[in-house]
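In this note's numbering, the protein residues as written are 4 to 133.
Yeah, the Cβ is synthetic: ideal placement off N, Cα and C, and Gly gets one too.
Only a predicted model underlies this, so the values are computations on that prediction, with no experimental measurement involved.
Below is one structure, written out as structure tokens; comments come after it.
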């Protein structure tokens, strides 16, 4: 579980930009810390989308593999950035691969935890859609 001082990372997620600090702290209390090694696959294309990632340290590449086997790099995310946020809303399969370009420390928020938080505090959902 993340500490209150680390709530700043979740506040940087565009989806949560309009939330009150107390709601951010509540969501952050549900977050877990994860570490990925350089080159480790965080998720593959078509994996179930169930987790939001917020990078504390390191870089993550989002990429696809073309039909002829060539890797296509779409974007690189770094410290303070997030990826996988649509998983919280739609739960659809991942549209690309995510790979750690170096050691990555991040916070993760599970879709189920996010939904439970909304059920307990519906104003979070209202603030997100406004």
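Quiz prompt | Continuous alpha helix (DSSP H) assignments of at least 4 residues falling wholly in the region 25-93 | solution = 89-92
Quiz item: Rounded to the nearest angstrom, how far is the Cβ of residue 97 from that of residue 43, given a contact under 8 Å?
Solution: Locating residue 97 in the chain shown gives position 94, counting from the first residue. Locating residue 43 in the chain shown gives position 40, counting from the first residue. No, residue 97 and residue 43 are not in contact; Cβ-Cβ is about 15 Å, not under 8 Å.
Quiz item: With C-beta atoms as the reference, is residue 67 less than 8 Å away from residue 99?
Solution: On the chain shown, position 64 is the one that residue 67 refers to. On the chain shown, position 96 is the one that residue 99 refers to. Yes, these two residues count as a Cβ contact at 8 Å.
Quiz item: How many Å lie between residue 79 and residue 61 at the Cα?
Solution: Residue mapping note: residue 79 aligns to position 76 of the chain shown, counting from 1. Residue mapping note: residue 61 aligns to position 58 of the chain shown, counting from 1. If I take the Cα positions, the gap works out to 10 Å.
Quiz item: Which term fits residue 122, buried or exposed, when burial requires 16 or more other beta carbons within 10 angstroms of its beta carbon?
Solution: Along the chain shown, read from residue 1 onward, the residue named residue 122 stands at position 119. So residue 122 ends up on the exposed side.
Quiz item: Can you tell which of 25, 115 and 58 has its C-alpha closest to the C-alpha of residue 15?
Solution: The residue given as residue 15 occupies position 12 in the chain shown. Selected option, being the one with the closest Cα: 58.
Quiz item: Is it buried or exposed for residue 95, if we count other Cβ within 10 angstroms and need 16 for buried?
Solution: One-based indexing of the chain shown puts residue 95 at position 92. Exposed.
Exercise. Would you kindly check if the distance between the Cβ of residue 101 and the Cβ of residue 19 is under 8 Å?
Key: In the chain shown, the residue the question calls residue 19 occupies position 16. In the chain shown, the residue the question calls residue 101 occupies position 98. Their beta carbons are not under 8 Å apart, which means residue 19 does not touch residue 101 by this criterion.
Quiz item: Residues bridged to residue 16 by DSSP?
Solution: As a position in the chain shown, residue 16 is number 13, starting the count at 1. Answer is none; residue 16 lacks a bridge partner.
Practice problem: Kindly indicate the opening and closing residues of the beta strand (DSSP E) around residue 101. | Solution: Counted from its first residue, the chain shown places residue 101 at position 98. From DSSP, the beta strand (DSSP E) with residue 101 extends over 100-103.
Quiz item: Alpha carbon to alpha carbon, what distance is there between residue 118 and residue 103?
Solution: Numbered from 1 along the chain shown, position 100 holds the residue referred to as residue 103. Numbered from 1 along the chain shown, position 115 holds the residue referred to as residue 118. Computed Cα separation, rounded: 27 Å.
Practice problem: Would you list the one or two residues that DSSP bridges to residue 108? | Solution: Counting from 1 along the chain shown, the entry for residue 108 is found at position 105. Its beta-bridge partners are 38 and 60.
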